[in-house]
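Position in the sequence shown counted from 1, then plus 20, gives you this note's numbering. Each remark here refers to the structure printed beneath this line.
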Amino acid sequence: MKRVKMETEINILSACNVDEQQLIDFYNVAFENRQKYLPKIWKWLNRVDFFDQRTPLVILNENQVIAHAGMQPFEAVLNGKKQTAAWYIDFKIRDSYQRQGLGNALTEAWIAVPDCCVTYCNEKSIGVFKKIGWTEDFHTFQHLNFMRLFDHPGFVRKLPPFVRKVLNFIVKPVFFCIYKTNAYCKKEYKLEKLTDENFGQFYKLFQSKNIEKNDVFAPVRDANYAEWRVLQSPNREHYYIYSVKNFSALVLL
21 MKRVKMETEI NILSACNVDE QQLIDFYNVA FENRQKYLPK IWKWLNRVDF
71 FDQRTPLVIL NENQVIAHAG MQPFEAVLNG KKQTAAWYID FKIRDSYQRQ
121 GLGNALTEAW IAVPDCCVTY CNEKSIGVFK KIGWTEDFHT FQHLNFMRLF
171 DHPGFVRKLP PFVRKVLNFI VKPVFFCIYK TNAYCKKEYK LEKLTDENFG
221 QFYKLFQSKN IEKNDVFAPV RDANYAEWRV LQSPNREHYY IYSVKNFSAL
271 VLL
């Protein structure tokens, strides 16, 4: 791999201020597995209006986007006070421009925007964050239920696509039988396609049961957050409201 040395000062800009085609060209190379939809949803994904289109951040060199730091902002309560916060997403530097300090410069510009910053790190990015004093916390959990088991990132890194496809085909009947056995509620339930009206009712119920926690770091899921996260979502047509007695859930199918 040939490395390209930066001949000018590092130029960090908002992605909203560069030619969109330059940004899309970068996405198609840097996030190849998401090129079908990322160019269409980047403004929603990064919630660009939250910080007046100052983010996400990119580095431009010779009219080419060479680095990117995405941001998914929200409001949070920390020690009883409301703060601006953001998930650090889609951090990527073109391979030929790495190890020139671009990651540190981009990250420092990024953390100057919100009050609090959070992210899930991979093996490459953790080094950048540790250098500037980020704190690790392993008390986090995520539950995933895979219908295509061998599309898990761990298998994607180790198995060729054809092998994974065959294995998914083999185990699919097993998952289907398990699903058919356990998927249906024995009580009466409703599954309604999302509308403005039923989401309004669902959100009121959510608010009535939501307990504020002032002693932990917690996101503020207010009306503005709900509007962006659900009603403006590119997946809105696939959302449903599931409800039984005394329980409702927002479901993405």
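Ideal placement from N, C-alpha and C gives every residue a C-beta, glycine not left out. This one's a predicted model, so the numbers in the text were calculated from it and none came from an experiment.
Lys151 and Phe94 have their alpha carbons spaced roughly 25 Å apart.
Here Pro134 is buried, its C-beta having at least 16 other C-beta atoms within 10 Å. Val68 counts as buried, since at least 16 other C-beta atoms from the protein chains shown sit within 10 angstroms of its C-beta. A distance below 7 Å between beta-carbons, with the five flanking residues on each side excluded, links Asn48 to the following residues of its chain, in chain order: Gln55. If the five residues before and after Tyr259 are omitted, its C-beta is found closer than 6 Å to the C-beta atoms of Leu214, Leu272, all from its own chain and listed in chain order. By the C-beta density criterion, Asn66 is buried, having at least 16 other C-beta atoms within 10 angstroms. Per the coordinates, the alpha-carbon of Asp171 lies some 23 Å from the alpha-carbon of Asn202. Only exposed fits Ala132, as fewer than 16 other CB atoms lie within 10 angstroms of its CB.
Here Ser263 has Lys210 as same chain residues with Cβ atoms under 6 Å from its own Cβ, once five neighbours each way along the sequence are excluded. The alpha-carbon of Phe70 is positioned some 30 Å away from that of Glu212. For the 7 Å CB-CB criterion, Ala50 and Leu43 do not form a contact. Where Thr155 is concerned, there is no enclosing beta strand (DSSP E), because DSSP gives it neither an H nor an E.
Selection Thr75, Ala125, Arg74 evaluated against Glu29 yields Ala125 as nearest (Cα-Cα). Under the three-state reduction of DSSP output, Pro173 falls in the helix class. In the three-state reduction of the DSSP assignment, Leu33 falls in the strand class, which pools E and B.
Between the alpha carbons of Asn218 and Arg114 lies a gap of roughly 45 Å. For Trp64, the closest of Val97, Gly123, Val250, Gln103 by C-alpha to C-alpha distance is Val250. The continuous beta strand (DSSP E) containing Trp107 extends over residues 101-113. The count of Cβ pairs closer than 8 Å, one atom from the region 138-147 and one from the region 79-88, stays below three, leaving the stretches out of contact.
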